[in-house]
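For reference, the structure discussed in these notes is given below.
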Amino acid sequence: MHEPTDKTSSTKPPSSASGDPKSGRRRLLQGALAGAPVLMTLVSRPVLAQQCQTPSGFVSANASHPGAAVCSGNGPTYWYQNQAAWPLPYKTNDNFKKYFTPDLTLPGNNNPKLVDVVNPSQTTNDVARYVVAALLNAGPPSLTPVLSANAVKNIWTEFGTAGSFSPSSGVHWNASDIVDYLQSTTNS
Amino acid sequence: MSSPSALRWRSVPPDAIVWREWDGEFVVRNERSGSTHQLAPLAGSVLQVLLEAGGALSVADIAARLGDHLAAAPEPDQYAAIDAVLSEFKRLGLVEPEAQ
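So the sequence lines, in the order shown, correspond to chains Z and R.
Residues in the first sequence are numbered from 1 upward in steps of one, following our numbering.
Residues in the second sequence are numbered from 189 upward in steps of one, following our numbering.
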C-alpha cells in the first residue's frame, strides 16, 4: 500500500509536471483528457464557520434556525493583514468609490482606497470598514452565501444616503446595528 | 480548430490549500470553502502548475508547463481539457480568472 504524500501547498506541492516526469502519470494524464476533472467533492463546514442570516433573516433570528446558511467571512483587519488573499477583481489600491456610492471621505483623505478603509487605524467609519470586508467576503469564492456583492453595496448606499439601513419593513439599523450584522457573517 | 482562451487564471492563495497525493490522484482541501475534492491526475497537475506559478497563467502557459505529460495529445484537445478543468475549478472556488 502506498503511503499518501501529505502536503500543504504553502510549503511545496507534489513534484510538478516540469520536474521529474513519471511515465505512469504521463499515461494517466493522457487518458484523463476526456474524463471528469474532479472525481468527488465533500462539502464540509469550515472549522471557524458559523450560521448566518440574510439581513431580513437576522432581524427575526433566534438561537435555533433550521436551514440557516453557514458563513466563514473575514473581518476588515484580516483583509488588511492578508492583502495577497483579496479576491479578484478587487485590488487594494482601488478607490472606495469604484464600488460604493456615495463616496467616503476620511480625515485628510478625500479619495480613500479600499485598503485605507479596512486599515485598523481607520476608526472614522466602522460601517465602511465592514462593508469593504463584506464585499471581499462575497468573493469569489463566496464566504458569505447570505450576502452578495450587490447586497453589500446596497447596504452602504442606503446607509450613506439615509443614515440607516432598513433590512425589512419598519426596521431601521443604525451604524452599530449594521456592524453587528456584518460581524455575524464573519469568524471574528 | 479551437484556440486557447485569452483568460489568465490564478489559484486561490496557496496557504488556503492542503493536499495529499496517492499514485497520481490528488485529494485537495480548500480551507477557504471548507470543501475537499478528489482530483483526477490532469486536474491535480493543473492545480500544481498554478500553485507553483505564483501568478496568473493562460491555458497555453499551463499546457506548456505540463510539458511532455500531454505531448501525445493534439494541442486543441489539450486546451479543451485544461479549459474544462479550469471551469470546474472556478465553480469550486479553486481558481479565479484574471482579465487581461
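Heads up, the beta-carbon is just placed ideally off N, CA and C, and yes, glycines get one too.
Under 8 Å between C-beta atoms, does residue i make it to chain R?
i	result
Ser196(Z)	Residue 196(Z) lies beyond the residue range present for chain Z, which begins at 1 and ends at 188; the question has no answer from this structure.
Leu88(Z)	yes
Ala133(Z)	no
Leu182(Z)	no
Thr41(Z)	yes
Pro140(Z)	yes
Gly75(Z)	no
Leu114(Z)	no
Who are the near neighbours of residue i in its chain, counting only those whose CB is closer than 7 Å to its CB and skipping five residues on each side?
i	result
Ser148(Z)	Ala138
Lys153(Z)	Tyr99 and Phe100
Pro229(R)	Gly212 and Glu213
Ile270(R)	Val234, Val247, Ile250 and Ala251
Just to confirm the assignment, what range does the alpha helix (DSSP H) spanning residue i have?
i	result
Thr224(R)	Premise fails: Thr224(R) lies in the beta strand (DSSP E), Ser223 to Leu227, not in any alpha helix (DSSP H).
Val146(Z)	That residue, Val146(Z), is in no alpha helix (DSSP H); it is neither H nor E in DSSP.
Phe96(Z)	Phe96 to Tyr99
Val118(Z)	Leu114 to Val118
Taking the beta strand (DSSP E) that residue i falls in, what are its first and last residues?
i	result
Ser199(R)	Arg196 to Ser199
Trp86(Z)	From DSSP, Trp86(Z) is part of no beta strand (DSSP E); its letter is neither H nor E.
Arg208(R)	Ile205 to Trp210
Asn137(Z)	Taken as a continuous stretch (DSSP letters only), Asn137(Z) belongs to no beta strand (DSSP E), being part of the alpha helix (DSSP H) at Asp126 to Asn137.
Ala251(R)	Careful: Ala251(R) lies outside any beta strand (DSSP E), inside the alpha helix (DSSP H) at Val247 to Leu254.
So that I know if they touch, is there some Cβ in chain Z lying closer than 8 Å to that of residue i?
i	result
Gly222(R)	yes
Pro201(R)	yes
Apart from the five residues just before and just after residue i, which ones in its own chain have a Cβ nearer than 6 Å to its Cβ?
i	result
Gly232(R)	Phe214
Practice task
Count the C-beta pairs between the segment 192-210 of chain R and the segment 233-251 of chain R that are closer than 8 Å, then say yes if the count reaches three, no if not.
Solution key: By the Cβ test, the segment 192-210 of chain R is in contact with the segment 233-251 of chain R, since at least three Cβ pairs between them sit closer than 8 Å.
Problem - At least 3 beta-carbon pairs within less than 8 Å: the segment 171-181 of chain Z vs the segment 214-223 of chain R - result: no
Handout entry: Where the segment 276-288 of chain R meets chain Z: residues whose CB sits under 8 Å from a CB there
Key = Residues Glu276, Phe277, Lys278, Leu280, Gly281, Glu284, Pro285, Glu286 and Ala287.
Practice task
Evaluate contact between the segment 107-116 of chain Z and the segment 223-234 of chain R, counting only Cβ atoms and requiring at least three cross-stretch pairs below 8 Å.
Solution key: No contact exists between the segment 107-116 of chain Z and the segment 223-234 of chain R.
Practice task
Mind the definition here: the segment 112-119 of chain Z touches the segment 72-86 of chain Z only if three or more C-beta pairs lie below 8 Å; say whether that holds.
Solution key: As far as the Cβ criterion goes, the segment 112-119 of chain Z touches the segment 72-86 of chain Z, which means the pair count is three or higher.
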